[in-house]
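Student: Mind looking over this structure? Questions follow.
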Amino acid sequence: MHQYLFFIGDFPVRAYGLVLSLSIILATGVGYFLAKQERCGYEKHIVDMGIYCGIAGLVGARLWDVFFFDWNYYSHHLTELFNVWQGGMAIQGGVTLGVIAGILYCRHHKLDTLHLMDVLAPAIILGQALGRCANLLNGDAFGAPTGSSFGIVYPATTLAAHTYGTQPLWPAEIWEGQLDVVIFALLLMYRCTKHVKGQCFALYVMLYSAARFGLEFLRGDYAEKTLAFMTSAQTTSFVAFTLAFLCFIALAWKARKQTI
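Every number in our numbering is 1 more than the matching position in the sequence shown, counting from 1.
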């Protein structure tokens, strides 16, 4: 595990930033491929959307982490607001603001928003999977102590080591990345079935929210409870799952009503 790949003078080139950038680029590439398969002409917008949504996602991920997860700290350390390499990017905020940017782009260019959200859902979750590789290399988004010899022991320079020392920790970020790949495959298979427009994206939100909710029981960062029994991430996952499930059902009901 190497946080720093090399230095250009005194400037460190971090594995976290490189892999995170690659996740956005590769997700955009997969999105382009999926859009081109649809033969609807939307592929010409994917690169621009990748840039806008990628930037919005990075901003959203940072702001979500600062204000929802760690405001007690950053309210007294405002100069560290942009120190993302310390471990402070919340994927839920990244997806939220990234999707909002995508919706605004679709409306501006008069694109079918729900259709494009369905097309890009697998690309988004693939980007998330690669992003968890960045977390592993950076030593953040780590798990809680396993209480046994099983687990990951992080280097002394990482946030995980600063928090728990040399205790073996659950590989929470690794398992989340693996589950994201499983969700990626499931979404590709679901797209081959007959479904209502908008349901593929709703399914993506449901699957990821369920996976994140369960993995939060193993997380060692931001483990404080917000509603007596759920962490902040579990709370947002529960809300997101519920809304996506209701949308999934409502879309099916609306389509069925239109055919009657």
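A virtual CB, placed ideally from N, CA and C, is assigned to each residue, including glycine.
CA-CA distance, V20 and Q259?
Tutor: 45 angstroms
Student: What does the alpha-carbon distance come out to for the pair A102 and A253?
Tutor: 26 angstroms
Student: DSSP beta-bridge partners for L59?
Tutor: In DSSP, L59 forms no bridge with anything.
Student: Pick out the complete alpha helix (DSSP H) segments inside the region 198-230, 4 residues or longer, and give them in chain order.
Tutor: 200-216
Student: Compute the Euclidean distance between the alpha carbons of H116 and E177, then round it to the nearest angstrom.
Tutor: 27 angstroms
Student: Looking at the secondary structure, which residues open and close the alpha helix (DSSP H) in which I125 lies?
Tutor: T114 to N139
Student: Beta carbon of Y209, beta carbon of I184: below 9 angstroms?
Tutor: Taking 9 angstroms as the Cβ cut-off, Y209 and I184 qualify as a contacting pair.
Student: Whose C-beta lies closer than 6 angstroms to the C-beta of G166 among residues of the same chain, with five residues either side of it excluded?
Tutor: none
Student: So is L98 in contact with chain C if we call contact Cβ pairs under 9 angstroms?
Tutor: Although the question refers to chain C, the structure presented lacks it and comprises just one protein chain.
Student: Terminal residues of the continuous alpha helix (DSSP H) containing F246?
Tutor: S233 to T260
Student: Output yes or no for whether 9 angstroms exceeds the beta carbon distance between G199 and A124.
Tutor: no
Student: Could you tell me which residues DSSP pairs with V96 in its beta bridges?
Tutor: Paired residues: none, contrary to the question.
Student: Quick check on DSSP: helix, strand or coil for G144?
Tutor: strand
Student: Note down the Cα distance separating Y74 from D49, rounded to an integer number of angstroms.
Tutor: Distance between the alpha carbons of Y74 and D49 is about 35 angstroms.
Student: Is there contact here, the region 50-60 with the region 22-39, by at least three beta-carbon pairs under 8 angstroms?
Tutor: The region 50-60 is in contact with the region 22-39.
Student: Over the uninterrupted alpha helix (DSSP H) stretch that includes Y17, give me the two end residues.
Tutor: Residues A16 to E39.
Student: Could you tell me if Q38 is buried or exposed, where buried requires 16 or more neighbouring beta carbons within 10 angstroms of its beta carbon?
Tutor: When all chains shown are included, Q38 counts as exposed.
Student: Run the CB neighbour count on L204, radius 10 Å, all protein chains shown included, and call it buried at 16 or more, exposed below.
Tutor: buried
Student: In whole angstroms, what separates the C-alpha of G152 from that of K45?
Tutor: 45 angstroms
Student: Excluding five sequence neighbours on each side, which residues of the same chain lie with their C-beta closer than 6 angstroms to the C-beta of A173?
Tutor: G144, L216, L219 and R220
Student: For P169, which residues in the same chain have their Cβ closer than 8 angstroms to its Cβ, ignoring the five residues on either side in sequence?
Tutor: P146, T147, S149, S150, F151, G152, I153 and V154
Student: Which first and last residues belong to the beta strand (DSSP E) in which L170 is found?
Tutor: That residue, L170, is in no beta strand (DSSP E); it is neither H nor E in DSSP.
Student: I'd like the list of long-range same chain contacts for C248, defined as Cβ closer than 6 angstroms, with 5 residues on each side in sequence excluded.
Tutor: A203
Student: Do you know how far the Cα of M90 is from the Cα of D66?
Tutor: 6 angstroms
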